[in-house]
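Protein chains in written order, with the working numbering: chain A, 55 to 192; chain B, -8 to 128. Ideal placement from N, C-alpha and C gives every residue a C-beta, glycine not left out. Just so we're clear, the structure is a prediction, and the values are computed from it rather than from any experiment.
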């Protein structure tokens, strides 16, 4: 395996671990995989920059959630990027059913050291808002 | 073909498809797609098959003065190709009225035709800036 192939496989592992952190609603597990200057972008909303603000945003999304499970449709990398195509399932009211099944693509960019420094999400914001999703703006 | 060659062929086909959009040429675009193509603008209902997808694709092109899909990322694995794009649309000849951040995920069949196309973007942004219908009425 070449050095580049090794890095791509490692990056895919880091991104899978980051998304696992969402399933477990563990903000610190997620943030440990990100750089201090990390940028989180929910297209087309304003970018959220820096670990402190991203932590605050992710924690505020986790707060109302009772259960989360991200179904991975596709995960693969190239260079320093990893694409994830997902169905993000959310239970906001604890009824044991998914009130939201958000179809979403997330593009991740990682440093040489394997930390996430940019995360760009693409999905329909109206679907998010009308299916129980909390505010995604600071 | 090796796995790398298949990915290369698939990426080439997706780029050809994007070129067809920029040329506003529905025939070339549709020739990139399989007979059983499934086109989904998430979270809208799937549009299935050449005839129905052509209606949507040709319909959008007809209402477009000029379009440019800036590729931010384009790479593949297996039979999938991802495109991360900024789709710039000029619907009225007055410049880019819409710059839509978008990810398109493509699946290709064994013959190298696109058989799955799933676009992810903010639908409100599309419709509020002049985008036309994305489903069959």
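{"Item": "Going straight from the alpha carbon of residue 18 of chain B to that of residue 74 of chain B, what length do you get?", "Value": "21 angstroms"}
{"Item": "Can you tell which of A:91, A:69 and A:103 has the C-alpha that lies nearest to the C-alpha of residue 191 of chain A?", "Value": "A:103"}
{"Item": "Check whether the stretch 21 to 41 of chain B and the stretch 89 to 106 of chain B touch, using three or more Cβ-Cβ pairs below 8 angstroms as the test.", "Value": "yes"}
{"Item": "Cα-Cα, which of A:180, A:131, A:107 and A:108 is closest to residue 154 of chain A?", "Value": "A:180"}
{"Item": "If you draw a straight line from the C-alpha of residue -6 of chain B to the C-alpha of residue 2 of chain B, how long is it?", "Value": "12 angstroms"}
{"Item": "In chain order, what residues of the same chain lie with their CB nearer than 7 angstroms to the CB of residue 161 of chain A, ignoring the 5 residues before and after it?", "Value": "135, 137 and 174"}
{"Item": "Using 10 angstroms around the beta-carbon of residue 56 of chain A, count the other beta-carbons present and answer buried if the total reaches 16, otherwise exposed.", "Value": "exposed"}
{"Item": "With DSSP as the reference, identify every bridge partner of residue 62 of chain B, one or two as the case may be.", "Value": "B:76"}
{"Item": "Short of 7 angstroms Cβ to Cβ, which residues in the stretch 149 to 180 of chain A face chain B?", "Value": "157, 158, 159, 161, 176, 177, 178, 179 and 180"}
{"Item": "Going along the chain, which unbroken runs of the beta strand (DSSP E) with 3 or more residues stay wholly within the stretch 7 to 64 of chain B?", "Value": "24 to 32"}
{"Item": "In whole angstroms, what is the alpha-carbon distance linking residue 166 of chain A and residue 61 of chain A?", "Value": "8 angstroms"}
{"Item": "Please name the residues in the stretch 104 to 126 of chain A whose beta-carbon is closer than 9 angstroms to at least one beta-carbon of chain B, in chain order.", "Value": "none"}
{"Item": "Once the 5 residues before and after residue 65 of chain B are set aside, which same chain residues still bring their CB inside 8 angstroms of it?", "Value": "2, 5, 6, 72, 73, 74 and 75"}
{"Item": "CA-CA distance, residue 122 of chain B and residue 115 of chain B?", "Value": "9 angstroms"}
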